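Below is one structure, written out as structure tokens; comments come after it.
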Amino acid sequence: MTKTENNRAWFLVLPVFALVAFSAIVPLMTVVNYSVQDIFGPDNRVFVGAEWYREILQDDRLRRALLRQFVFSLAVLVIEIPLGIAVALSMPRRGRWASLILVVLALPLLIPWNVVGTIWQIFGRADIGLGGVLVTALGIDYNYAANPFDAWATVLVMDVWHWTSLVALLCFSGLKAIPDAYYQAARIDGASNWAVFRYVQLPKLGNVLLIAVLLRFMDSFMIYSEPFVLTGGGPGNSTTFLSQTLARLAVGQFDLGPAAAFSLIYFLIILLFCWLFYTTMMQLGRGQQQ
Amino acid sequence: MARIELSRLAHSYRDRPSGESDYALKPTDHVWEDGVAYAILGPSGCGKTTLLNIMSGLLRPTAGKVLFDGRNVTELPTEERNIAQVFQFPVVYDTMTVFDNLAFPLRNRKIPETEIRGRVAEIARILDLASCLEQRAGALASDARQKISLGRGLVRTDVSAILFDEPLTVIDPHLKNSLRRKLEEVHRESRLTLIYVTHDQTEALTFADRVVVMHGGEIVQVDTPQALFERPAHTFVGHFVGSPGMNFVECGVDGDSAIFDGHRVRLAADTPMDAGSTGASLELGVRPEFLELVFDRPEHGVPAKITRVDDLGSSKIVTTAVGENTLKVRLAEEAHLSDAACWLVFPPEHSLLYRGSRLCRNPASDRP
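Top to bottom, those sequences are chains A and B.
Here this note's numbering runs 11 ahead of the position in the first sequence, where the first position is 1.
Here this note's numbering runs 23 ahead of the position in the second sequence, where the first position is 1.
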């Protein structure tokens, strides 16, 4: 029997291609289009090449926002990943309590971003907010609207409150998937709790931790609503992260060219870091997959 | 090394067990002698794993005691019991090397590193793992992983016994034999108490000095493979051990003979004379291997009709009917079957009487 060569199967990919084109490729290309032109009006545009990119990369305000963004995302990962693991480890594996705790943990995840910001804005106020009053009562001079450190701390604590549950839930599902025999064998081998964590639980959590790190990195790197509502980026520019800087640039000043160039750089950074996390963590877990 | 004694040991997975059927393990007394290779044989769900987990301390029994050399260890956690257990599915620490896996139980017990190196090298040699000691354990195939699991049990020198919970289930058939021989070799060299759980009778009979047959949460017989075959203590053992299982027919008793379907069959000499005096149901049991099938009328025989012949290649299984009863006979492959009508001869020494499913015999006539 001879095989007939034809490439008609490619037509089957068309619907997906059309969908992705509308949802991603066309908007992205529009941004690319803006980023290389100076647009004065609908019929008045000039091709400027890489000028906007050069301008953006030398913009001090953006550099500082980028640095702030990295510090923030790093802090989020450093706090939320270990904390999430710890919470998952201390949860009961089954029974009525387990279900109850799962529901309570999931609550923050169900609250819309800007509502979270509003909640913390009120919660942190030193005059009427429960949190603010408590901290002040401890003798700490706390005011997130005036003190950059307090503002940072509040934004971080808010993010930890909002998203640690996600890490904990992911880890919990990962822990539940470990067969009992592993724990039994570890007990037979006389392993300490730390050894059980280090050699049984942590290796088995590898895959869910990868997902947790990716999700938390991407989300925290794109954070907008919560600090916008809570601090409005202040005091000064101390909690103005990348997305807010971008929004000011694009919607506030209407500098579409630089904003488009900046958007693309922003997108590439996230892509690059996700790829880095993915490859390194897959490399670490290589032995288990074979 | 120790003698492990179970005293009125029982376990139920329910919080408040009410009836006997709530117990996965019914009250059991048993002694595991030091240095003997045991097999626990029984179908799935008969309480084998429960018994094992209680001995290793992974499970706390509902009632009864576990004694190691007379010391009550029932309340002691696994870590303080000096017992090793190997599970059905391989458990290895994926991120460690094979060497570290084998060394892990020793390191946890703070044994000096030089001694560990010697021990691990020896076990690796026995289990053919020496060539991959530096590899990551997670990258190995499942039989090598199970060898590591076995190795972690064998590497310890302080163990009272090693418990194996169907450890060869996931192993390829051709590797099963070699691994089982390794275990036998280890047992011969170390004289450790080995307790090996399986539902595979071939595995149990070839591996063990003594086989413990369990059924419905109870130990029904503890004996050598030969005795299990020749003198099953319970009809379950008769059915479960041997292929095809033992023949059982309902019968009555008259003096030294069983009466079934109007025929007299002489019973084994150690059957008590008053066996029929209680109301319990009586059964005559005889192995297909011991029944004789003849076509000329013998002196003491039971007329039967051949209803089916299964040729197994090395032997024939002949199914015969005596009235309503069915009896199987194992014949040599070359046996010639001339007629459907035949006679069955019951050898008296192998014709056993069961009362209420249990073998009836005089206690005085036990094997020496």
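Beta carbons: idealized from backbone N, C-alpha and C, even for Gly.
All values reported here derive from a predicted model rather than from experimental measurement.
At a cut-off of 7 Å between C-beta atoms, Q255 (chain A) does not count as an interface residue with respect to chain B.
A Cβ-Cβ separation of about 5 Å places A162 (chain A) in contact with Y155 (chain A) under the 8 Å criterion. Listed along chain A, the residues sitting closer than 8 Å to Y116 (chain B) by beta-carbon distance are Y210, V211, P214.
With a cut-off of 8 Å on Cβ pairs, the region 229-245 of chain B is in contact with the region 59-68 of chain B, counting three or more such pairs. For the 7 Å CB-CB criterion, M269 (chain B) and G275 (chain B) do not form a contact. Partner residues in a beta bridge of N248 (chain A), as assigned by DSSP, do not exist. The C-beta distance from I67 (chain A) to P269 (chain A) rounds to 5 Å, short enough to fall under 8 Å.
For R142 (chain B), same chain residues with a beta-carbon under 6 Å away, outside a window of 5 residues either side, are V178 in chain order.
A Cβ-Cβ separation of about 6 Å places K328 (chain B) in contact with A364 (chain B) under the 8 Å criterion. At a cut-off of 7 Å between beta-carbon atoms, R198 (chain A) makes contact with chain B. Taking a contact to require three or more Cβ pairs closer than 8 Å, the region 192-210 of chain A and the region 125-138 of chain B qualify as touching. With a threshold of 7 Å between beta carbons, G201 (chain A) makes contact with chain B.
Against chain A, the beta carbon of Q108 (chain B) has neighbours under 8 Å at Q195, A196, I199, listed in chain order. Contact between the region 78-97 of chain A and the region 178-194 of chain A is present, with at least three C-beta pairs closer than 8 Å.
Rounded to the nearest whole angstrom, the CA to CA distance from P370 (chain B) to L198 (chain B) is 40 Å. When B:D45, B:T221, B:L354 are compared, the shortest CA-CA separation from G336 (chain B) is found for B:L354. Residue contact check for P135 (chain B) against chain A: no CB pair falls below 7 Å. In this structure, DSSP gives S374 (chain B) a state outside helix and strand, which the three-state scheme calls coil.
Here V109 (chain B) has S172, L173, G176, F187, P190 as same chain residues with Cβ atoms under 6 Å from its own Cβ, once five neighbours each way along the sequence are excluded. The alpha-carbon separation between D52 (chain B) and L251 (chain B) amounts to approximately 19 Å. Under the three-state reduction of DSSP, S266 (chain B) is assigned to coil, being neither helix nor strand. Along the length of the region 221-301 of chain B, whole beta strand (DSSP E) runs at least 3 residues long occupy 233-238, 241-246, 270-273, 275-277, 280-283, 286-289, reported in chain order.
At a cut-off of 7 Å, the C-beta of A270 (chain A) has no neighbouring C-beta in chain B. Taking 7 Å as the CB threshold, T101 (chain B) lines the interface with chain A. Among the residues facing chain A, F127 (chain B) is included, as its CB has a counterpart in that chain under 7 Å away. For M78 (chain B), no chain A residue has a Cβ inside 7 Å of its Cβ, as the nearest lies near 11 Å away. Under DSSP, L32 (chain B) shares a beta bridge with B:T51. DSSP places A327 (chain B) in the uninterrupted beta strand (DSSP E) bounded by 325-334. Within the region 213-262 of chain A, the complete alpha helix (DSSP H) runs of at least 4 residues fall at 213-232, 236-241, 253-258. Taking a cut-off of 8 Å on C-beta distances, the region 270-283 of chain A does not touch the region 103-119 of chain A, as fewer than three cross pairs fall below it. For the pair T129 (chain A) and V47 (chain A), the CB atoms are not nearer than the 7 Å cut-off. Nearest CB-CB separation between A192 (chain A) and chain B: below the 7 Å threshold. Within its own chain, the residues whose Cβ lies closer than 7 Å to the Cβ of F313 (chain B), once the five positions on either side in sequence are excluded, are P370, H373, listed in chain order. Counting only the Cα atoms, L375 (chain B) lies some 7 Å from L382 (chain B). In terms of Cβ geometry, L316 (chain B) and V352 (chain B) form a close pair [threshold 7 Å]. With respect to A47 (chain B), G70 (chain B) sits close: the two C-beta atoms are nearer than 7 Å.
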